[in-house]
Amino acid sequence: MSKARTSIVRTGAVHFALIAYTLVALFPVFLTIANSFKSRNAIFREPLAIPTPESFSLIGYETVLKQGDFIGYFQNSVVVTVVSIALVLLFGAMAAFALSEYRFRGNTLMGLYLALGIMIPIRLGTVAILQGMVATNLVNTLTALILVYTAQGLPLAVFILSEFMRTVSDDLKNAGRIDGLSEYAIFFRLVLPLIRPAMATVAVFTMIPIWNDLWFPLILAPAETTKTVTLGSQIFIGQFVTNWNAVLSALSLAIFPVLVLYVIFSRQLIRGITAGAVK
Amino acid sequence: MGSLQLKSIRKAYGGHEVLKGIDLEVKDGEFVIFVGPSGCGKSTLLRTIAGLEDATSGSVQIDGVEVGHVAPAKRGIAMVFQSYALYPHLTVKDNMGLGLKQAGVPRTEIDEKVGKAAGMLSLEPYLARRPAELSGGQRQRVAIGRAIVREPKLFLFDEPLSNLDAALRVNTRLEIARLHRSLRATMIYVTHDQVEAMTLADKIVVLNGGRIEQVGSPMELYNRPANLFVAGFIGSPQMNFIDGDRFGDGTAKTVGIRPEHIGLSRDGGDWKAKVIHVEHLGADTIVYLESDEVGPLTVRLFGEHRYAADEVVHATPVIGGMHRFDADGQVISSGH
Numbered sequence: 001m002s003k004a005r006t007s008i009v010r011t012g013a014v015h016f017a018l019i020a021y022t023l024v025a026l027f028p029v030f031l032t033i034a035n036s037f038k039s040r041n042a043i044f045r046e047p048l049a050i051p052t053p054e055s056f057s058l059i060g061y062e063t064v065l066k067q068g069d070f071i072g073y074f075q076n077s078v079v080v081t082v083v084s085i086a087l088v089l090l091f092g093a094m095a096a097f098a099l100s101e102y103r104f105r106g107n108t109l110m111g112l113y114l115a116l117g118i119m120i121p122i123r124l125g126t127v128a129i130l131q132g133m134v135a136t137n138l139v140n141t142l143t144a145l146i147l148v149y150t151a152q153g154l155p156l157a158v159f160i161l162s163e164f165m166r167t168v169s170d171d172l173k174n175a176g177r178i179d180g181l182s183e184y185a186i187f188f189r190l191v192l193p194l195i196r197p198a199m200a201t202v203a204v205f206t207m208i209p210i211w212n213d214l215w216f217p218l219i220l221a222p223a224e225t226t227k228t229v230t231l232g233s234q235i236f237i238g239q240f241v242t243n244w245n246a247v248l249s250a251l252s253l254a255i256f257p258v259l260v261l262y263v264i265f266s267r268q269l270i271r272g273i274t275a276g277a278v279k
Numbered sequence: 001m002g003s004l005q006l007k008s009i010r011k012a013y014g015g016h017e018v019l020k021g022i023d024l025e026v027k028d029g030e031f032v033i034f035v036g037p038s039g040c041g042k043s044t045l046l047r048t049i050a051g052l053e054d055a056t057s058g059s060v061q062i063d064g065v066e067v068g069h070v071a072p073a074k075r076g077i078a079m080v081f082q083s084y085a086l087y088p089h090l091t092v093k094d095n096m097g098l099g100l101k102q103a104g105v106p107r108t109e110i111d112e113k114v115g116k117a118a119g120m121l122s123l124e125p126y127l128a129r130r131p132a133e134l135s136g137g138q139r140q141r142v143a144i145g146r147a148i149v150r151e152p153k154l155f156l157f158d159e160p161l162s163n164l165d166a167a168l169r170v171n172t173r174l175e176i177a178r179l180h181r182s183l184r185a186t187m188i189y190v191t192h193d194q195v196e197a198m199t200l201a202d203k204i205v206v207l208n209g210g211r212i213e214q215v216g217s218p219m220e221l222y223n224r225p226a227n228l229f230v231a232g233f234i235g236s237p238q239m240n241f242i243d244g245d246r247f248g249d250g251t252a253k254t255v256g257i258r259p260e261h262i263g264l265s266r267d268g269g270d271w272k273a274k275v276i277h278v279e280h281l282g283a284d285t286i287v288y289l290e291s292d293e294v295g296p297l298t299v300r301l302f303g304e305h306r307y308a309a310d311e312v313v314h315a316t317p318v319i320g321g322m323h324r325f326d327a328d329g330q331v332i333s334s335g336h
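Protein chains in written order, with the working numbering: chain A, 1 to 279; chain B, 1 to 336.
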């Protein structure tokens with residue numbers, strides 16, 4: 001092995017860069033969580049300090065849980081996110097399979113059309129979407145949010161998944177055809193398990209903007225029963241007075257489910273089940 | 001049961017024609033090998049027989065029944081792929097039984113058939129494992145087992161040995177030959193390796209550029225090649241081609257002589273030549289020569305022979321080892 005590759009300076013530099021990035025990325029999370037456990041005065045006096053017995057306070061969490069139906073908001077967020085991810089993955093993978101597996105007229109054009117949404121932000125269509133939702137009586141329902149988020153997530157999902165599906169061995173699909181599997185069985189039982197890592201990637205990319213979105217909940221579903229966590233925490237942010245304890249507590253709570261979902265998906269990212277399938 | 005008739009099969013992708021009218025008859029129980037260089041259409045032809053590709057025109061009949069519009073699973077075929085194509089999430093047993101399960105065969109019957117096939121291929125110890133836990137040779141045996149279990153009319157092999165190393169390739173080749181004898185099934189096998197073709201086939205189909213060049217038994221192709229392409233493709237090292245004019249032959253444009261049909265002597269012979277390079281293979285010695293009279297020559301001698309580079313020797317063709325070809329590359333006469 002060459003000396004350059006094992007040199008301490010080099011590994012040190014790489015580790016330094018990675019550690020620095022980790023610190024930068026984790027700092028806001030740390031700040032949010034640490035301050036959510038402090039009293040109001042302590043937050044402003046020493047924002048960077050970790051909670052001490054004197055400054056420790058659960059007032060933020062108490063406010064959050066007392067004011068409004070926070071558990072309900074959570075449920076709404078979880079329902080919207082999970083259902084949207086499921087639909088994005090299902091329809092995205094189906095479209096990707098059709099695009100990558102079958103030769104038909106306009107295949108490339110269709111692929112481009114489906115990928116176009118990556119470049120055009122869906123918020124440009126907000127007015128039309130709202131009109132549509134009003135016309136179909138879907139305003140203030142979770143269905144409205146799910147539909148919009150599914151549309152928002154599909155372009156990237158189709159794009160990434162169709163690239164991955166091209167890498168699944170044709171022989172494997174043909175073996176399935178000879179064994180009498182239907183095209184649906186080939187899709188669900190042979191192809192989907194093999195592209196699980198790609199599905200997890202898409203799920204993570206789809207999940208975060210949905211969970212954090214304020215725009216569409218505010219416009220399409222601002223009713224008390226359909227509020228999401230992000231929208232729910234807005235009641236603590238006023239024009240003149242902001243209840244920082246409550247905001248930070250609400251945010252800390254909102255981080256948690258995202259973390260859980262991420263851990264679930266990232267396990268899939270690492271698992272390589274294709275080994276031994278082909279070659 | 002398992003005969004196959006192909007009638008003027010054509011296949012085009014866009015404007016590019018891959019198969020240009022293939023007619024072929026395969027009798028029940030025959031071992032037929034499609035051989036040819038890369039891109040000659042042999043795999044496409046096999047996929048057309050399997051139903052994985054639709055022919056642009058022409059008809060495919062299995063046991064006299066037109067199967068052009070029949071799904072692959074209903075054609076009574078089984079296929080073994082180069083890349084094994086095992087289902088990664090299923091055990092060996094389930095891999096082999098999936099086809100029958102899809103066809104609605106009862107569980108006990110599937111178990112019995114899988115057990116029998118596993119016995120033939122000595123796969124019993126691995127039935128509960130997944131493909132990832134098997135070696136390459138074992139995986140290919142599972143793939144063959146999966147084909148046997150279906151009891152097809154036609155076995156289709158798509159370069160099944162290409163991913164195996166040399167020693168395993170010989171073993172698996174023997175296994176396939178043994179299988180063909182014991183099952184008496186019709187087998188169609190695609191390969192670019194002429195050794196596999198020569199050793200396994202009852203009948204070899206040589207393809208080139210989407211057309212059949214010649215169909216015949218291995219020895220027919222070796223002894224009586226129909227044209228220059230077949231003469232050059234079958235046999236290793238390649239047949240020597242000598243310009244007919246240089247040879248002083250009025251009728252033939254090209255004269256072919258196999259390397260093993262030329263004798264070498266230091267004392268005297270027909271053509272004086274200089275040794276360029278010598279390859280010692282133990283059982284054979286391959287000598288490359290450059291002759292002023294007939295150009296470059298490859299000579300294959302049996303056993304060990306000591307020749308040094310730049311040595312001057314005399315080469316003499318064996319009587320009966322010459323193939324004459326006309327200007328179109330078609331054979332005029334063989335073995336005179």
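C-beta: ideal position from N, C-alpha, C; glycine also.
Rounded straight-line distance, which links the Cα of residue j to that of residue i
i: Met198(B); j: Val170(B); result: 13 Å
i: Ala144(A); j: Leu220(A); result: 7 Å
i: His314(B); j: Ile276(B); result: 13 Å
i: Arg166(A); j: Pro160(B); result: 23 Å
i: His305(B); j: Leu264(B); result: 10 Å
i: Ala275(A); j: Gln140(B); result: Only weak support exists for where Ala275(A) lies, its pLDDT of 39 falling under 50; the value from the coordinates is given anyway. The alpha-carbon atoms of Ala275(A) and Gln140(B) are separated by roughly 15 Å.
i: Ile235(A); j: Gly72(A); result: 15 Å
i: Ile146(A); j: Ser84(A); result: 5 Å
i: Lys203(B); j: Pro225(B); result: 14 Å
i: Pro121(A); j: Leu52(B); result: 41 Å
i: Arg10(A); j: Leu168(B); result: 44 Å
i: Met133(A); j: Thr22(A); result: 42 Å
i: Thr63(A); j: Leu161(A); result: 43 Å
i: Glu290(B); j: Ala327(B); result: 24 Å
i: Lys279(A); j: Glu25(B); result: With a pLDDT of 39 at Lys279(A), under the threshold of 50, the modelled position of that residue is not reliable, and the figure given next carries that caveat. Going from the Cα of Lys279(A) to the Cα of Glu25(B) covers about 33 Å.
7 Å Cβ cutoff, residue i in contact with chain E
i: Pro197(A); result: In summary, chain E is missing from the structure at hand, where the protein chains are A and B.
N- and C-terminal bounds of the alpha helix (DSSP H) containing residue i
i: Lys116(B); result: Arg107 to Met120
i: Thr206(A); result: Arg196 to Asn212
i: Asn140(A); result: Segment: none, Asn140(A) is in no alpha helix (DSSP H) and carries neither H nor E.
i: His180(B); result: Ala166 to Leu183
Buried versus exposed, by CB contacts within 10 Å (16 or more), residue i
i: Met79(B); result: buried
i: Gln330(B); result: exposed
i: Trp215(A); result: exposed
i: Pro28(A); result: exposed
i: Ser83(B); result: buried
i: Gly272(A); result: For Gly272(A), the predicted structure reports a pLDDT of 43, less than 50, and the residue's modelled location is therefore unreliable. The matter cannot be settled from this model.
i: Gly153(A); result: buried
Per DSSP, cross-strand counterpart(s) of residue i
i: Gly256(B); result: Phe241(B) and His323(B)
i: Lys274(B); result: Glu290(B) and Val312(B)
i: Val88(A); result: DSSP, once it has assigned bridges, lists no residue as partnering Val88(A).
i: Ile77(B); result: Leu154(B)
i: Gly263(B); result: Thr316(B)
Cβ shell of residue i (< 6 Å), same chain only, five flanking positions each side left out
i: Gly111(A); result: Leu99
i: Pro259(B); result: Pro237, Thr298, Val299 and Arg300
i: Asn245(A); result: Arg40, Ile59 and Gly60
i: Ser36(A); result: Gly60, Leu248, Ser249 and Ser252
i: Ile148(B); result: Ala117
i: Ala277(A); result: Residue placement at Ala277(A) is flagged as unreliable, the pLDDT there being 43, under the threshold of 50; a coordinate-derived value is accordingly withheld.
i: Ile262(B); result: Val299, Ala315 and Pro317
Segment limits, beta strand (DSSP E) that includes residue i
i: Val190(B); result: Thr186 to Thr191
i: Asn208(B); result: Lys203 to Asn208
i: Ser43(B); result: Segment Lys42 to Ala50 is the alpha helix (DSSP H) holding Ser43(B); no beta strand (DSSP E) there.
i: Ile33(B); result: Phe31 to Val35
i: Val215(B); result: Arg211 to Gly216
i: Thr298(B); result: Gly295 to Phe302
Same chain, Cβ closer than 7 Å to residue i, neighbours up to 5 away in sequence not counted
i: Val78(A); result: Pro257
i: Lys7(B); result: Asp23, Gly58 and Ser59
i: Tyr307(B); result: Val275, Val278, Val287 and Val313
i: Glu124(B); result: Ala118
i: Phe164(A); result: Ile195 and Ala198
Cβ neighbours of residue i in the same chain (closer than 8 Å, five flanking residues each side left out)
i: Leu31(A); result: Pro47 and Leu48
i: Lys173(A); result: Glu101, Ile186, Leu190 and Val191
i: Leu127(B); result: Thr91, Val92, Lys93, Val114 and Ala118
i: Gln194(B); result: Val35, Phe233, Ile234, Gly235 and Ser236
i: Ala55(B); result: Ile9, Arg10, Lys11, Leu19, Thr48 and Gly68
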